[in-house]
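Q: Each residue of the sequence shown is one higher than the one before, counting from 82 in the numbering used here.
The beta carbon of each residue, even a glycine, is placed where N, CA and C say it ideally should be.
Here it is, the structure in full.
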Amino acid sequence: MATLTIDSKRFQELRDEHGLDTVQSLASALHVDKGTASRVLTGKAAPGPRFISSVLLTFPVKFEDVFTVVGEDDANAAGEAVVTDELAVAS
Numbered sequence: 082m083a084t085l086t087i088d089s090k091r092f093q094e095l096r097d098e099h100g101l102d103t104v105q106s107l108a109s110a111l112h113v114d115k116g117t118a119s120r121v122l123t124g125k126a127a128p129g130p131r132f133i134s135s136v137l138l139t140f141p142v143k144f145e146d147v148f149t150v151v152g153e154d155d156a157n158a159a160g161e162a163v164v165t166d167e168l169a170v171a172s
């Protein structure tokens, strides 16, 4: 099963660079609910299309700079936070 991981270190760097030191400030900048931002940051929910697109429009980054699609075994071996919702990937 494919999983989506967030590069926590890189994402924190982006937040720091933009002065988004609280979940509320991040949620406001991304125009998402505070609860959504919190669940995504803690790995309790997979980032949805709105969260992902907001990150890409708010920060000067590409998808692969912040998000990684990996197999579950790869993410566990790397010690990354894993969100286990399946992703539908169009070819």
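Whole angstroms are fine: how far does the CA of E94 sit from the CA of R131?
A: So the alpha carbons of these two residues sit roughly 21 Å apart.
Q: Pick from K90, A83, M82, A126: whose alpha carbon is nearest that of D175?
A: Summary: the structure shown does not reach residue 175, with the chain confined to residues 82 through 172, and so no result is reported for it.
Q: For F140, I'd like the list of residues in its chain whose CB is within less than 6 Å of its CB, leaving aside the five on either flank, ordered along the chain.
A: So the qualifying residues of the chain are L95.
Q: What did DSSP end up calling K115 once you bin it into helix, strand or coil?
A: The answer is helix: DSSP assigns K115 an H, G or I state.
Q: Return the residue from the list V104, A126, L111, L85 that minimises the CA-CA distance to L138.
A: Selected option, being the one with the closest Cα: L111.
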